[in-house]
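J.: Per our numbering, the sequence shown starts with residue 1015, numbered consecutively. Where a beta carbon is used, it is the ideal one built from N, C-alpha and C, also for glycine. For clarity, every value in this text was computed on a predicted model and none was experimentally measured.
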Amino acid sequence: MSLKFTLPLWVLLLALSTGLAQPGNNNCAGAINLQDANDWCSAAGAFSNVGATPSTSTQAGCLTGAFADVWFSFTPLATDVTITVIGNSSSGGSGLLLPEMALFEGNCGALQLVACEPAPIFGNANELTFSGLSLGVPHYILIQGGNGATGSFQLCINNYNAPVEPSSDCPQASILCNKAPFVVQQILGPGNDPTEANDADCLTGFGVNVESNSTWFVWTAGNDGPLAFTLTPLNPPDDLDFVVYEFPNGPGNCADKILLRCMASSCQGPTGLNLSSTDISEPPNCLLPTQDNFLAALQMETGKTYGLMVNNFSTTQIGFGIEFSGSGEFAGPQAMISTNLTGPGCINDPILFLDATNSPTGSIIGWEWEFGPGASPANAFTAGPHQVSYSTPGLKPVLLRLTTSEGCVVTVVEEIEIICCNAQLQATADISPVDCPGANNGSISLNISNPNPPYIFNWSNGESGSSINNLPPGDYTVSISDAAGCDTLLSISISSPPAFTFDTTLLRPTCNGGMDGGISLDVSGGTPPYAFSWQGGPFVPDNNQSNLAAGDYDIVLRDANGCETTFFIPLQELELVLDPTVQAVLPPVCNGDANASILVSIGNGLPPYQYDFNDGNGFVDANSLPGLPAGMYMVDVIDANLCRGNFSFVVEDPPLLTLSFQETPVSCFGVADGALSAIPAGGTGGYTFRWDTGNTGASLSALGAGEYSLTLTDASGCNLEQSYSLSQPAEIALSLETTVNVICFGEATGSITASAMGGSPPYSYSLDGANFQQVPTFDNLPAGNYAFFVEDNSGCTTSLNTTISEPPPLLVDAGARQVVILGYEARLQAIPNNLAVTYNWAPAESLDCTDCQSPTALPLRNTVYVVTIEDASGCTATDSVEVAISAERPVFIPNAFSPNNDGRNDLFTAYGGPGMRSIVSLQVFNRWGGLVFEQQNLSAGNPVVAWDGQAGNQPAPAGVYTYVLEVEFIDGQQLRFSGDVNIIR
């Protein structure tokens, strides 16, 4: 069975902290939740109990004591569980020794022991198995080391629905109805008949009987297709062997079974069938390169029955997990649960459950329902329908286990969601608002309609009862929860009358004790109607009083709710005021002028009026004062009733006329592309401009460097004259630093370097005025005339001209083409236009010298000779000449000789020039084709080894003979010559 090694990041961080501090899962409350408990394994050494403390309040009788323990939790969705702890570490080693564990259910405050597994006698691995878990109920795992051992460990858990308990005998084999993975927790003994698998030829070498700790399974194919499976020992070092059979007589009848697969390999770890293997048997060792502990997949046929026997050869009696794959399926019912739900269900509402299984093989004879936590009823044992209600919300795992007449057991678990519906927690509120503005006497009282008391109240102001009092106005929220975990949220507002506000209308009494004043109040807020108490008098509905003298008045306001507030209103005698329709101040014409005036015009009181401008002249009849500079002026006024008014007037200068300039600088030295724009401010607007250039606009353009003056006039005739100096960049000075001429004619080895000053650095340089670079040097230049440009940061340019020169060309003539006969020399000669040179001829193989002016060449084939000359500056020139080999191969062969030993013409041979290396062979035939002489590897022209006219040690008769002659030349070419030669005697 493949194990899923997935580990949350927070678990990894916990593992990294091992040995550094107390583990985070040191107690039940900190238990690490294993969200995926279906066939899951952590990494090796992922967890540790190092630094943990004992959980003394939780006891499990099978443990060796209360020692350093760590905790894990999971919520089962299947009935069976296998928990494996292997002491190890991520870097190897044994880790935790003698691991032991206990399984609890419930919550940390009230745990109930479910199962307990004591420490083994020795070793670092242990396993706890249990069947009959409470689905949907939190379970907790306590892990510690026996006798106080500590260390790191690996944790594996598998929560599954087990098939029928497997048997060690073939006729009672567990029937498999689907390919759901499961775990066989233990394998105990060979059963009643240990000989049932003795027909498995790969296993018979182990002893009399094959089975030692075995278990049998059987199934019927539901379709044609391949079937593979993986057997994973719960104890990793265990050696599992297995045999696959075909049962021709169906389930329960093991007679005439046919052996299909046989696995006896002693390789440890997972084994089984897979889709890539091709072998059907492996022998009892683990030495062959073909042994991988897996055999070829089984090709099932519909309706045929197959069986599997698994034997734990290691005799540890520890079980294994099995997981199936491939497209082949098992015949059996597909358990299905039907409900009347179309979405989540509600607490306390009835829900109907019905078995909707369609069984193609055998009839269903048994039903077992488990409806999950909070269900009523909790169980049922018929097909249904069953009416079930839930008292708590959450995800509820519902289990249906079916048993067929053939002994097939299938299990399905489906989750339904139970929620707190709106009608389950109803609440209303009795609200008492605040009666007076600013008071804190509001209240809220809740009325709850719900079948699940008691209730928990959480108010936004921190209160926790069903009623809250002494509340200021505002918004309040309350969260209400019942005993079932359902909750609701209410929002409630406490209202209040609006705050009291009033608007006062005063009629001032006349001066000198007048009784013609009055007060009128316009009130809002609170709760109308209102009553008023004036100066401590009784409350009356009148909101105004008349015939009042100057003084301070206290008024108490009372609304319909009896809420009161007090007002204090001072009532003063008449005070003169200015007529708002008359402009009192005429400001100066220009900033700094003393030509302002003040005009005092009274808007109330009784004429005539007198005016004191506080200028030492006392009260006067005139109401204006001219010729004033900017400043503050105080004026006192009295009317005919001696009512007074004191006034201050501020005379302000118009804004100071100012002028600034915005310039567009001259771009380059000597260029007239600058501009000036006048920016006036202050004064009274309506500006006019007069430049010393005669222009009357606000701007000047196309300006060169220099000083420009402007007279600015505003609408009041105020003038301002100002000058501005427009500058220009410094002139760019370009100078030539170095010019390097070309060394050899036609080369690009020249360079130019210049330097620049002035303008606006940094500078860029160019030789064409278009493509600029930052470096002031240009290399690899040919001879010629150049214009050197420089451009500054403002784009201004200047240039200068310079010339790069070169020497005259270096020339050499190697002469005309020559044709020579093979073996003869050719005289070469180079003619330079400069005698102070060195020579180099190539190729060197056929030359008598390579560094002389006139070498001798002896080529064996057509050759082109190249001469290169070099002068003192390293300049070179090259020419070539071809020496061709004539096609003529001069070989002289005589047509007669007289072998009479007179010293003249006594021998027959071939004669060649220096191009002929040797005579490879010479054959002479008589007129009838008979071979009379044969000689090989003769030296060319050597009569000593030539034909002496003898034939078989006898003088050949005079006459005509035929020769065949093969000659090799010094270039390696061989030619054959044939002809007649006449012996003259």
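Could you tell me if residue 2002 is buried or exposed, where buried requires 16 or more neighbouring beta carbons within 10 angstroms of its beta carbon?
T.: In the structure as shown, the chain starts at 1015 and stops at 1999, and residue 2002 therefore has no counterpart that could be examined.
J.: For the pair the segment 1265 to 1282 and the segment 1237 to 1254, tell me if three or more CB-CB distances fall below 8 Å.
T.: The segment 1265 to 1282, when compared against the segment 1237 to 1254, does touch it at the 8 Å Cβ threshold.
J.: Compute the beta-carbon to beta-carbon distance between residue 1171 and residue 1088, rounded to the nearest angstrom, for a pair I have assumed lies under 8 Å.
T.: Residue mapping note: residue 1171 aligns to position 157 of the sequence shown, counting from 1. Residue mapping note: residue 1088 aligns to position 74 of the sequence shown, counting from 1. Residue 1171 to residue 1088, Cβ: 7 Å. Contact.
J.: Do residue 1180 and residue 1143 have their CB atoms nearer than 7 Å?
T.: Working through the sequence shown from its first residue, we reach residue 1180 at position 166. Working through the sequence shown from its first residue, we reach residue 1143 at position 129. No, they are not a contact pair.
J.: Do residue 1846 and residue 1826 have their CB atoms nearer than 7 Å?
T.: Within the sequence shown, residue 1846 is the residue found at index 832, counting from 1. Within the sequence shown, residue 1826 is the residue found at index 812, counting from 1. A contact, by the Cβ cut-off of 7 Å.
J.: So, with DSSP's three-state summary, where would you put residue 1185?
T.: The residue given as residue 1185 occupies position 171 in the sequence shown. Correct three-state label for residue 1185: helix.
J.: Could you work out which residue in 1637, 1793, 1806 is closest to residue 955 when comparing CA atoms only?
T.: Given a span of 1015 to 1999 for the chain in the structure shown, any question on residue 955 remains unanswerable.
J.: Here's the rule: buried if 16 or more other CB atoms are within 10 angstroms of the residue's CB, otherwise exposed. What is residue 1136?
T.: As a first step, residue 1136 must be located in the sequence shown, where it is residue number 122. With fewer than 16 other Cβ atoms within 10 Å, it is exposed.
J.: Name, in chain order, the residues that DSSP records as bridge partners for residue 1930.
T.: Taking the sequence shown and counting its residues from 1, one reaches residue 1930 at position 916. Answer is 1983.
J.: Starting from the N-terminal side, write out each stretch of the beta strand (DSSP E) that is 3 residues or longer and does not extend beyond the segment 1422 to 1449.
T.: Entirely contained in the segment 1422 to 1449, the beta strand (DSSP E) runs reaching 3 residues are, in chain order, 1423 to 1433, 1440 to 1446.
J.: Nearest-angstrom Cα distance between residue 1958 and residue 1921?
T.: If you number the sequence shown from 1, residue 1958 lands on position 944. If you number the sequence shown from 1, residue 1921 lands on position 907. With a pLDDT of only 48 at residue 1958, under 50, the local geometry of the prediction cannot be trusted, and the value read off the model is given with reservation. Cα to Cα, the separation comes out at about 8 Å.
J.: For the segment 1499 to 1540, list the beta strand (DSSP E) runs that are entirely contained and at least 3 residues long, ordered along the chain.
T.: Here the runs fully enclosed are 1501 to 1508, 1515 to 1521, 1531 to 1538.
J.: What distance in whole Å lies between the Cβ atoms of residue 1766 and residue 1786, which are believed to be in contact at a cut-off of 8 Å?
T.: The residue given as residue 1786 occupies position 772 in the sequence shown. The residue given as residue 1766 occupies position 752 in the sequence shown. No, residue 1786 and residue 1766 are not in contact; Cβ-Cβ is about 14 Å, not under 8 Å.
J.: Is residue 1170 helix, strand or coil when you go by DSSP?
T.: Here residue 1170 is taken as the residue at index 156 of the sequence shown, counted from 1. Three-state DSSP puts residue 1170 in a strand.
J.: Considering only their Cβ atoms, is the gap separating residue 1588 from residue 1525 smaller than 7 Å?
T.: What you label residue 1525 is simply residue 511 of the sequence shown in a count that begins at 1. What you label residue 1588 is simply residue 574 of the sequence shown in a count that begins at 1. Yes, the Cβ-Cβ distance between residue 1525 and residue 1588 is below 7 Å.
J.: Could you give the distance in angstroms between the alpha-carbon of residue 1769 and the alpha-carbon of residue 1751?
T.: Counting from one through the sequence shown, the residue named residue 1769 turns up at place 755. Counting from one through the sequence shown, the residue named residue 1751 turns up at place 737. Between residue 1769 and residue 1751, the C-alpha separation is close to 6 Å.
J.: Do you know how far the Cα of residue 1195 is from the Cα of residue 1059?
T.: Residue numbering aside, residue 1059 sits at position 45 when the sequence shown is read from its first letter. Residue numbering aside, residue 1195 sits at position 181 when the sequence shown is read from its first letter. Whole-angstrom Cα-Cα distance: 26 Å.
J.: Report buried or exposed for residue 1838, applying the criterion of at least 16 other Cβ atoms within 10 angstroms of its Cβ.
T.: One-based indexing of the sequence shown puts residue 1838 at position 824. That one is exposed.
J.: Taking the continuous beta strand (DSSP E) assigned at residue 1559, which residues delimit it?
T.: Here the question's residue 1559 lines up with position 545 in the sequence shown. From DSSP, the beta strand (DSSP E) with residue 1559 extends over 1558 to 1562.
J.: With respect to the beta strand (DSSP E) encompassing residue 1007, which residues constitute its N-terminal and C-terminal limits?
T.: This structure cannot settle anything about residue 1007, because the visible part of the chain is limited to 1015 through 1999.
J.: Just to confirm before moving on: does the CB-CB distance between residue 1355 and residue 1399 stay below 7 Å?
T.: Taking the first residue of the sequence shown as 1, we reach residue 1355 at position 341. Taking the first residue of the sequence shown as 1, we reach residue 1399 at position 385. No, the Cβ-Cβ distance between residue 1355 and residue 1399 is not below 7 Å.
J.: Residues in the same chain with beta-carbon distance under 8 Å from residue 1358, minus the five sequence neighbours each way, listed in chain order, please.
T.: For the purposes of this step, residue 1358 is taken as the residue at position 344 of the sequence shown. Only 1430, 1431, 1432, 1433 meet the Cβ criterion.
J.: Please classify residue 1217 as buried or exposed, where buried requires at least 16 other C-beta atoms within 10 Å of its C-beta.
T.: Numbered from its first residue, the sequence shown carries residue 1217 at position 203. Buried.
J.: Using the DSSP secondary-structure output, state which residues sit across from residue 1326 in a beta bridge.
T.: Numbered from 1 along the sequence shown, position 312 holds the residue referred to as residue 1326. In the DSSP output, where bridge partners are listed per residue, residue 1326 has 1254.
J.: Looking only at its chain, what residues have a beta carbon closer than 8 Å to the beta carbon of residue 1707, apart from the 5 residues adjacent to it on each side?
T.: As a working mapping, residue 1707 is identified with position 693 in the sequence shown. Excluding positions up to five away in sequence, the list reads 1714, 1722.
J.: Mind checking who residue 1401 pairs with in its DSSP beta bridge?
T.: To locate residue 1401, count along the sequence shown from 1; it is residue 387. In DSSP, residue 1401 forms a bridge with 1366.
J.: Let me know if residue 1994 comes out buried or exposed under the rule of 16 or more other beta-carbons within 10 Å of its beta-carbon.
T.: Sequence index remark: in the sequence shown, residue 1994 carries index 980 (1-based). Exposed: under 16 other Cβ atoms inside 10 Å.
J.: Taking only runs that begin and end inside the segment 1713 to 1749, name each unbroken beta strand (DSSP E) of 3 or more residues, in chain order.
T.: Segments of the beta strand (DSSP E) lying fully in the segment 1713 to 1749: 1713 to 1717, 1720 to 1727, 1733 to 1740.
J.: Need the endpoints of the beta strand (DSSP E) that residue 1460 sits in, please.
T.: Here residue 1460 refers to the residue found at position 446 when the sequence shown is read from its first residue. Here the beta strand (DSSP E) through residue 1460 covers 1456 to 1463.
J.: Leaving aside the five residues before and after residue 1379 along the sequence, list all residues of the same chain whose C-beta is less than 8 Å from its C-beta, in chain order.
T.: The sequence position of residue 1379 within the sequence shown is 365, counting from 1. Closer than 8 Å at Cβ, skipping near neighbours: 1417, 1418, 1419.
J.: Based on Cα-Cα distance, which residue from 1459, 1454, 1426 lies nearest to residue 1442?
T.: As a position in the sequence shown, residue 1442 is number 428, starting the count at 1. The residue with the shortest Cα to Cα distance from residue 1442 is 1459.
J.: Going by beta carbon distance, what residues of the same chain come within less than 7 Å of residue 1041, once the five residues before and after it are set aside?
T.: Residue mapping note: residue 1041 aligns to position 27 of the sequence shown, counting from 1. The answer, listed in chain order, is 1069, 1085.
J.: Looking only at DSSP bridge pairs, what is residue 1815 linked to?
T.: The residue you call residue 1815 lines up with position 801 of the sequence shown. Its beta-bridge partners are 1801.
J.: Which residues in the same chain as residue 1626 place their Cβ atom closer than 8 Å to its Cβ, once the five residues preceding and following it in sequence are excluded?
T.: Here the question's residue 1626 lines up with position 612 in the sequence shown. These residues qualify, in order along the chain: 1632, 1633, 1634, 1649, 1650, 1651.
J.: According to the Cβ coordinates, are residue 1934 and residue 1980 closer than 7 Å?
T.: Here residue 1934 refers to the residue found at position 920 of the sequence shown. Here residue 1980 refers to the residue found at position 966 of the sequence shown. Cβ atoms of residue 1934 and residue 1980: closer than 7 Å.
J.: Since residue 1974 sits in a beta bridge, which residues does DSSP pair it with?
T.: Locating residue 1974 in the sequence shown gives position 960, where the first residue counts as 1. Note: residue 1974 sits in a beta bridge opposite 1996.
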